[in-house]
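Q: One structure, as structure tokens, below. Some questions next.
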Amino acid sequence: MFSDQLSRAAVRFAAAYAVLTAAHEVGDYLVQRNSDAVAKGKHGPEGAAACRRHVTSYTTTQALALYAADRYLGLGLDWRRAAAGLAVSAVTHYAADRCAGHWADDTDGAPLLVRAAHASGKGGWLTNDPRAGALLDQAWHKGWIGLAAAIAAGHRTRA
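Residue numbers (this note's numbering): 148 to 306.
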């Protein structure tokens with residue numbers, strides 16, 4: 148019995164991770180509006196609004212993909228757990244995307260995640276490699292997507 152439940156949870160996790168990761172690529176690159184991509188890292192209300200719009204369309208893309216996978220693959224996801232996983236993905240996506248254009252900034256005015264990256268020894272890379280910020284951003288996203296998938300795929304709660 149326990150082994151069967153564990154196997155089903157593992158299948159749900161693998162499917163949820165694959166679907167959320169694929170939807171991440173679609174939502175982050177195909178669905179995102181150019182104006183939001185350009186503005187989402189700006190300080191102030193304009194940047195925050197652009198980032199919110201992007202994260203809303205991004206999370207909607209992930210939610211639709213997860214719903215479709217659940218429905219057509221018969222995963223048996225609990226909607227509350229799926230919503231919690233999507234919330235983790237959304238909040239952490241917003242936090243990273245507010246750093247857009249600031250990854251090389253090593254000042255006290257840099258976003259918190261940028262300051263943390265510099266403090267953890269990534270400053271030289273972020274300052275010298277123009278691709279470093281985007282790579283760090285994507286690594287952050289995919290790490291959190293793993294946790295989001297685990298939350299979404301967990302055992303069904305009893306009503």
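For every residue, glycine included, the Cβ atom is placed at its ideal position computed from N, Cα and C.
(1) Leaving out the 5 sequence neighbours to the left and right, which residues in its chain are closer than 6 Å to Asp284 when beta-carbon positions are compared?
(2) With DSSP as the reference, label Lys189 as helix, strand or coil.
(3) Taking C-beta to C-beta, are His288 and His249 nearer than 8 Å?
(4) Measuring CA to CA, which of Leu282, Leu259, Asp253 is closest to Gly271?
(5) Are the CB atoms of Ala247 and Lys187 within a distance shorter than 8 Å?
(6) In the DSSP assignment, find the alpha helix (DSSP H) that holds Arg312 and state where it starts and stops.
(7) Checking 8 Å against the spacing of the C-beta atoms, do Ile298 and Leu167 come in under that value?
(8) Please report how far the alpha carbon of Ala157 lies from the alpha carbon of Ala300, in whole angstroms.
(9) In angstroms, rounded to a whole number, what distance separates the CA positions of Leu220 and Gly191?
(10) Taking C-alpha atoms, which residue in Arg227, Ala162, Arg200 lies nearest to Arg180?
(11) Look at the alpha carbon of Cys198 and the alpha carbon of Ala184, and state the distance between them as a whole number of angstroms.
(12) Alpha helix (DSSP H) containing Val261: first to last residue?
(13) Suppose you measure from the CA of Ala195 to the CA of Ser204; what does that come to, to the nearest Å?
(14) Between which two residues does the alpha helix (DSSP H) holding Asp284 run?
(15) Going by other Cβ atoms of all chains shown within 10 Å of its Cβ, with 16 needed for buried, is Val238 buried or exposed?
(16) Could you name the residues of the same chain whose beta carbon sits closer than 7 Å to that of Phe160, not counting the 5 residues immediately before and after it, in chain order?
A: In short, the structure shows the following:
(1) The sequence position of residue 284 within the sequence shown is 137, counting from 1. Cβ neighbours of Asp284 beyond the five flanking positions: Ala243.
(2) For the purposes of this step, residue 189 is taken as residue 42 along the sequence shown, with counting starting at 1. Here Lys189 sits in coil by DSSP.
(3) Taking the first residue of the sequence shown as position 1, residue 288 is located at position 141. Taking the first residue of the sequence shown as position 1, residue 249 is located at position 102. It is not a contact, given that the beta carbons lie outside the stated cut-off.
(4) Taking the first residue of the sequence shown as position 1, residue 271 is located at position 124. Of the listed residues, the one whose Cα sits closest to Gly271 is Asp253.
(5) Against the sequence shown, residue 187 aligns to sequence position 40. Against the sequence shown, residue 247 aligns to sequence position 100. For Lys187 and Ala247, yes; Cβs fall inside 8 Å.
(6) What is shown of the chain runs 148 to 306, which leaves residue 312 out entirely.
(7) Position 151 of the sequence shown, counting from 1, holds the residue named residue 298. Position 20 of the sequence shown, counting from 1, holds the residue named residue 167. In this structure, Leu167 does not lie closer than 8 Å to Ile298 by Cβ.
(8) Within the sequence shown, numbered from 1, the residue matching residue 157 stands at position 10. Within the sequence shown, numbered from 1, the residue matching residue 300 stands at position 153. Their Cα atoms are separated by approximately 8 Å.
(9) Along the sequence shown, one-based indexing puts residue 220 at 73. Along the sequence shown, one-based indexing puts residue 191 at 44. Taking the straight line from one Cα to the other gives about 43 Å.
(10) In the sequence shown, residue 180 corresponds to position 33, counting from 1. Minimum Cα-Cα distance from Arg180 among the listed residues Arg227, Ala162, Arg200 corresponds to Arg200.
(11) Against the sequence shown, residue 198 aligns to sequence position 51. Against the sequence shown, residue 184 aligns to sequence position 37. Each residue's Cα considered, the two are about 8 Å apart.
(12) The residue you call residue 261 lines up with position 114 of the sequence shown. Note, Val261: alpha helix (DSSP H), 259-264.
(13) Counted from its first residue, the sequence shown places residue 195 at position 48. Counted from its first residue, the sequence shown places residue 204 at position 57. Roughly 14 Å separates the two Cα atoms.
(14) Position 137 of the sequence shown, counting from 1, holds the residue named residue 284. Counting along the chain, the alpha helix (DSSP H) containing Asp284 begins and ends at 279-300.
(15) Along the sequence shown, read from residue 1 onward, the residue named residue 238 stands at position 91. Result: exposed.
(16) Walking along the sequence shown from the start, residue 160 turns up at place 13. Excluding sequence neighbours, Phe160 sits near Ala296, Ala297, Ala300.
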